[in-house]
């Protein structure tokens, strides 16, 4: 192989390594935010205001309407693992539900923890 071919191969390996590292970083961020979102939603649902409607009260499991605060967390969790370049994602896109919970007059100390 020519020196240019070796140089190009080395550069390709670096690019692939950087892409793999970015993918691991993206999965890590998504996993952390997904876990934190699930934790906040679980604490919220312990409060009677956000408790799930029991089956048999007119709603199926997937049909029960949720509070807008819970819907925000659900929407972010659906998008999390689709974001691959976190440097291009505006922080407000994933922090908004957390900030809304903090600002809400309906949430208590245990929820904002």
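Numbering (my numbering), first residue to last: 102 to 214. In this text, a Cβ means the ideal position worked out from N, Cα and C, and glycines have one as well. Predicted, not measured: the structure shown is a model, and the values here were computed from it.
Taking the alpha helix (DSSP H) that residue i belongs to, which residues open and close that run?
i           : result
residue 150 : Unbroken run through residue 150: none, as it is neither H nor E.
residue 173 : 169 to 181
residue 202 : 192 to 204
Going straight from the alpha carbon of residue i to that of residue j, what length do you get?
i           : j           : result
residue 142 : residue 174 : 8 Å
residue 169 : residue 137 : 18 Å
residue 187 : residue 126 : 8 Å
residue 198 : residue 181 : 13 Å
residue 185 : residue 124 : 6 Å
residue 134 : residue 110 : 36 Å
Can you look up residue i in the DSSP assignment and give me helix, strand or coil?
i           : result
residue 184 : coil
residue 207 : coil
residue 157 : The predicted position of residue 157 is uncertain, since its pLDDT is 45 and thus under 50; no value can be drawn from it.
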